[in-house]
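The numbering used here puts the first residue of the sequence shown at 1, with every later residue one more than the last. Input: a single structure, listed below in structure tokens.
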Amino acid sequence: MRYLLLIISLFLFSHHSIAQKVGDSLNTKLNYSEIKQQFHFKAGFQTDFTLGESYISSADSPALGFNLQADWQFYKSFQLGVGMFNSSHKNLDSEVSGLVEQTNLRGTFIGIGYLIQLKEVWAISPHIRYADIKLKQQTNYQSKEFEENADMIIIGASISYQFNNSLSSFIDIESRQLYYEIDSSPQIQELYDKDHFLTLSIGLRYSLFSKNSLF
């Protein structure tokens with residue numbers, strides 16, 4: 001037990017020392033008061049946890065995918081972002097999906113966020129986004145495929161840790177509400193109205209800075 005406490009203490013001490021050095025480095029290399037615009041490019045892996053009982057919710061959970069994003073911090077701490085993501089939902093319940101056994105969910109989105117600096121190296125950015133969704137359905141009948149459209153509202157937050165002036169790691173936690181454009185019989189239409197996901201993403205962010213202001 002004493003060895004475990006010693007290891008934990010050494011880990012916390014080293015983490016604090018590293019964070020302090022990174023913070024000192026950021027303060028000496030970059031004067032944030034001179035920065036008027038920031039550009040962030042993010043790439044990461046994501047996993048979707050389905051909630052409720054609907055169409056895609058009948059698939060295996062979690063589903064794996066990836067995402068790409070570009071953010072423009074244009075005024076104080078406000079950010080505009082665009083990006084895309086893709087995830088694959090496999091082994092749908094045939095009683096709900098019929099012949100469809102896999103759905104690839106591909107989305108392009110636009111959103112707005114606000115950066116809150118917590119410490120020298122930690123920050124959090126709440127955001128809200130709208131995504132246009134393409135559902136690529138794969139059936140078990142002669143390997144036929146077809147597409148459906150949907151809309152998605154995303155509400156979440158991104159937590160970032162800054163390694164240096166350019167490179168950061170991030171974790172995104174999001175609630176995603178998917179609204180289908182699928183018509184079915186009245187008895188089961190509620191299964192094709194909407195779906196709800198809890199999505200977790202992890203990845204890296206590369207940042208650029210500008211001293212020129214638009215305002």
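From the three backbone atoms N, C-alpha and C, an ideal C-beta is built for every residue, glycine too.
#1: Could you tell me the alpha carbon to alpha carbon distance between D151 and A131, rounded to whole angstroms?
#2: Nearest-angstrom Cα distance between V82 and N164?
#3: K119 by DSSP, collapsed to three states: which one?
#4: Quick one: residues in its chain with C-beta nearer than 6 Å to the C-beta of T108, no 5 flanking neighbours on either side, listed in chain order?
#5: Kindly indicate which residue of K119, N104, I110 has the alpha-carbon position closest to the one of I159.
#6: How is the beta strand (DSSP E) around S88 delimited, first residue to last?
#7: For I155, which residues of its own chain have a beta-carbon under 6 Å away from its beta-carbon, when the five flanking residues on both sides are left out?
#8: Helix, strand or coil for F163? Go by DSSP, reduced to three states.
#9: Verify whether the separation of the beta carbon atoms of S166 and Y206 is less than 8 Å.
#10: Could you tell me which of L208, G203, F209 sits nearest to L68, measuring between CA atoms?
#11: Report all residues from its chain with a CB closer than 6 Å to the CB of K136; omit the five preceding and five following residues, and keep chain order.
#12: Classify L208 as buried or exposed, calling it buried when 16 or more other Cβ atoms lie within 10 Å of its own Cβ.
#13: For P62, write down the residues that DSSP places opposite it in a beta bridge.
#14: Of all the options T47, F74, L115, which has the alpha carbon lying nearest to the alpha carbon of G65?
To lay it out plainly:
#1: As a working note, residue 151 is residue 151 in the sequence shown. As a working note, residue 131 is residue 131 in the sequence shown. Each residue's alpha carbon lies about 6 Å from the other.
#2: Within the sequence shown, the letter at position 82 stands for residue 82. Within the sequence shown, the letter at position 164 stands for residue 164. Answer to the nearest angstrom: the Cα atoms are 24 Å apart.
#3: The count along the sequence shown starts at 1 and reaches residue 119 at position 119. Under the three-state reduction of DSSP, K119 is assigned to coil, being neither helix nor strand.
#4: Counted from its first residue, the sequence shown places residue 108 at position 108. These residues qualify, in order along the chain: M84, D132.
#5: Position 159 of the sequence shown holds residue 159. Cα-wise, what sits closest to I159 is K119.
#6: In the sequence shown, the residue the question calls residue 88 occupies position 88. That run of the beta strand (DSSP E) goes 78 to 90.
#7: Residue numbering aside, residue 155 sits at position 155 when the sequence shown is read from its first letter. In the same chain as I155, and ignoring 5 residues on each side of it, the C-beta atoms closer than 6 Å to its own belong to I128, S175, in chain order.
#8: Start at 1 with the first residue of the sequence shown, and residue 163 comes out as number 163. Here DSSP, grouped into helix, strand and coil, assigns F163 to coil.
#9: The count along the sequence shown starts at 1 and reaches residue 166 at position 166. The count along the sequence shown starts at 1 and reaches residue 206 at position 206. Going by C-beta atoms, S166 is nearer than 8 Å to Y206.
#10: By one-based count along the sequence shown, residue 68 stands at place 68. The residue with the shortest Cα to Cα distance from L68 is G203.
#11: For the purposes of this step, residue 136 is taken as residue 136 along the sequence shown, with counting starting at 1. Excluding sequence neighbours, K136 sits near N104, E147.
#12: In the sequence shown, counting from the first residue as 1, residue 208 sits at position 208. L208 comes out exposed.
#13: Here residue 62 refers to the residue found at position 62 of the sequence shown. In DSSP, P62 forms no bridge with anything.
#14: Here the question's residue 65 lines up with position 65 in the sequence shown. Considering only T47, F74, L115, the residue with the shortest C-alpha distance to G65 is T47.
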